[in-house]
Amino acid sequence: MRKIKDREKLQRIARKRHRRELRARYSHDNRLLKYHRLREKGTKNISYTSMDAPTDFSILDNRDSVIKYFNTVKCMLDQEEYTQINLRKITSIDLPTLCLLGAFMLDRNTKSKYLKVTSPLSNSAAYRFFEEAQFENMIIKERIPDFNSGAFLSRSEDEVNEEAISDILTKTVDYFGENSKQRLRDLPPIIIEIVTNTADHANPDSSYTLPWIVNTYETKNNNGDKVKQYCIIDMGVGIYETLIDKANSQQQGRSPWWHTIIKRESSQGEFFRQAIPKGLQSRTALRQRGKGIKYIYDTVSGDDMYKRFEIITNKTKVNLVNIGSIEKDSSESLSATIYYWEVCVE
Numbered sequence: 000m001r002k003i004k005d006r007e008k009l010q011r012i013a014r015k016r017h018r019r020e021l022r023a024r025y026s027h028d029n030r031l032l033k034y035h036r037l038r039e040k041g042t043k044n045i046s047y048t049s050m051d052a053p054t055d056f057s058i059l060d061n062r063d064s065v066i067k068y069f070n071t072v073k074c075m076l077d078q079e080e081y082t083q084i085n086l087r088k089i090t091s092i093d094l095p096t097l098c099l100l101g102a103f104m105l106d107r108n109t110k111s112k113y114l115k116v117t118s119p120l121s122n123s124a125a126y127r128f129f130e131e132a133q134f135e136n137m138i139i140k141e142r143i144p145d146f147n148s149g150a151f152l153s154r155s156e157d158e159v160n161e162e163a164i165s166d167i168l169t170k171t172v173d174y175f176g177e178n179s180k181q182r183l184r185d186l187p188p189i190i191i192e193i194v195t196n197t198a199d200h201a202n203p204d205s206s207y208t209l210p211w212i213v214n215t216y217e218t219k220n221n222n223g224d225k226v227k228q229y230c231i232i233d234m235g236v237g238i239y240e241t242l243i244d245k246a247n248s249q250q251q252g253r254s255p256w257w258h259t260i261i262k263r264e265s266s267q268g269e270f271f272r273q274a275i276p277k278g279l280q281s282r283t284a285l286r287q288r289g290k291g292i293k294y295i296y297d298t299v300s301g302d303d304m305y306k307r308f309e310i311i312t313n314k315t316k317v318n319l320v321n322i323g324s325i326e327k328d329s330s331e332s333l334s335a336t337i338y339y340w341e342v343c344v345e
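In terms of numbering that gives the first Met the number 0, the sequence shown has 82 at position 83, counting the first letter as 1, and numbering is strictly consecutive.
1. Are the segment 224–232 and the segment 294–305 touching, with three or more C-beta to C-beta distances below 8 Å?
2. Check residue 83 in the structure and name its three-state DSSP category.
3. Which same chain residues, not among the five before or five after residue 271, have their C-beta less than 7 Å away from its C-beta?
4. For residue 307, report the span of its beta strand (DSSP E) as first-last.
5. Determine contact between the segment 54–64 and the segment 90–102, defined as no fewer than three beta-carbon pairs at a distance below 8 Å.
6. What are the boundary residues of the alpha helix (DSSP H) that residue 63 is part of?
7. For residue 346, tell me which candidate among 128, 240 and 241 has the shortest Cα-Cα distance.
8. What did DSSP end up calling residue 202 once you bin it into helix, strand or coil?
9. For residue 190, which option in 173, 176 and 168 has the closest C-alpha, if you only look at C-alpha atoms?
10. Do residue 134 and residue 101 have their C-beta atoms within less than 8 Å of each other?
11. With distances taken between CB atoms, is the gap from residue 217 to residue 174 smaller than 8 Å?
12. Spell out the partners DSSP gives residue 231 in its beta bridges.
13. What are the residues that DSSP puts in a beta bridge with residue 56?
14. Where DSSP assigns a beta bridge to residue 318, which residues make up the other side?
15. When DSSP labels each residue in this structure, what does residue 106 get in the three-state scheme?
16. Kindly identify the DSSP beta-bridge partner or partners of residue 49.
17. Excluding the 5 residues preceding and the 5 following residue 343 in the sequence, name in chain order all residues of the same chain whose CB lies nearer than 6 Å to its CB.
18. Thinking C-beta only, is residue 137 closer than 8 Å to residue 214?
19. Quick check: the Cα distance between residue 79 and residue 111, rounded to an integer number of angstroms?
20. With distances taken Cα to Cα, identify the nearest neighbour of residue 273 among 81, 212 and 319.
21. Pick helix, strand or coil for residue 327, following the three-state DSSP scheme.
22. Excluding sequence positions up to five away, which residues of its chain have a Cβ less than 8 Å from the Cβ of residue 48?
23. Can you tell me the Cβ-Cβ gap for residue 237 and residue 334, rounded? I've got them flagged as a contact below 8 Å.
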């Protein structure tokens, strides 16, 4: 009897996995974007407006220009103008910008039928980074079980892919060595915390899901120490804007405590500097929702393994490892949330 029940359980799991694969395949076939190294024959009669990306294509170092670039391209696509993201002149790029590009291309709100993307020049350092970070695999959502550099998962389901997170941890331990396993114990909870929607910045009641991009990259610092970079992209409206909407929708007299800070501070960065340590949590008791940004802050700010932990959302860029150092708000607003962090087990 037990064997029959076990067999039925395995069959249910297999059926669920098959349905998930069919949904992913259907979604992919309908939303696969035109990522071109060369112009294909089918586009010869279409005139694209070429938009050169900033040469320093780094949202970490050149935030204003990069956000303005993506906003301009999106505006052109919304007007149904055939637009080419031209990356041939870029001289530098980083992991969060690469992931943002991928998430932008996969976002259902992007009118992808009008979009074409050309890769960096094949002899450039930027092109090598695209290859090493497996950009094309990330876009077409090919999951490579035995990944090394360029690990990723694309989240289009409403459940956390724990196998993918386990793979990321396994490869991280392989990279830093078995002795690092105990120190890395907080890594999976952080990833799960992010993808279970921290800070109430998504609608838990909506079945309309957006793709989550997760990617990792292995490198070394100036001292030759091994460093692993992690990036997660959430294509929503951004944490700050969502909090504003939530606060404004509350009945009069029932505004959350952090609404007072929002009304007092004109700087988004200053708001996060004050609100995160005081307890900017997820404001829902739903099981699938996380504990909030404060959980991540408490975890990473007290562990020197985390060399930086950046959250870039709307006009803000805040480093949870050094939350007292706030950058000036950007002039443009990013309608997304980027989580980027670096780990070095010394």
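The beta carbon of each residue, even a glycine, is placed where N, CA and C say it ideally should be.
Quick answer:
1. Counting Cβ pairs under 8 Å, fewer than three are found: no touch.
2. DSSP places residue 83 in strand when its eight states are reduced to three.
3. Take residue 271, set aside five residues on each side of it, and the residues of its chain with a beta-carbon closer than 7 Å to its own are 315 and 317, in chain order.
4. It spans 305–313 - the beta strand (DSSP E) in which residue 307 sits, taken as one unbroken run.
5. Cβ pair count under 8 Å is three or more, so yes.
6. From DSSP, the alpha helix (DSSP H) with residue 63 extends over 62–77.
7. For residue 346 there is no data in the structure shown, the boundaries of the chain being 0 and 345.
8. Note on residue 202: pLDDT 42, under 50, position unreliable in the model; no value is reported.
9. Nearest of 173, 176 and 168 to residue 190, Cα basis: 168.
10. The answer is yes: Cβ separation under 8 Å.
11. Closer than 8 Å, so yes.
12. Residue pairing for residue 231: DSSP places it in a beta bridge opposite 213 and 338.
13. Per DSSP, 92.
14. Note: residue 318 sits in a beta bridge opposite 309.
15. It is coil, neither helix nor strand.
16. Within the DSSP secondary-structure output, residue 49 pairs in a beta bridge with 83.
17. 224, 226 and 306.
18. Using a Cβ distance threshold of 8 Å, residue 214 and residue 137 count as a contacting pair.
19. Counting only the Cα atoms, residue 111 lies some 10 Å from residue 79.
20. The option with the nearest alpha carbon to residue 273 is 319.
21. Correct three-state label for residue 327: coil.
22. For residue 48, same chain residues with a beta-carbon under 8 Å away, outside a window of 5 residues either side, are 75, 80, 81, 82 and 83 in chain order.
23. With a beta-carbon spacing of about 6 Å, residue 237 and residue 334 fall inside the 8 Å limit used to define contacts.
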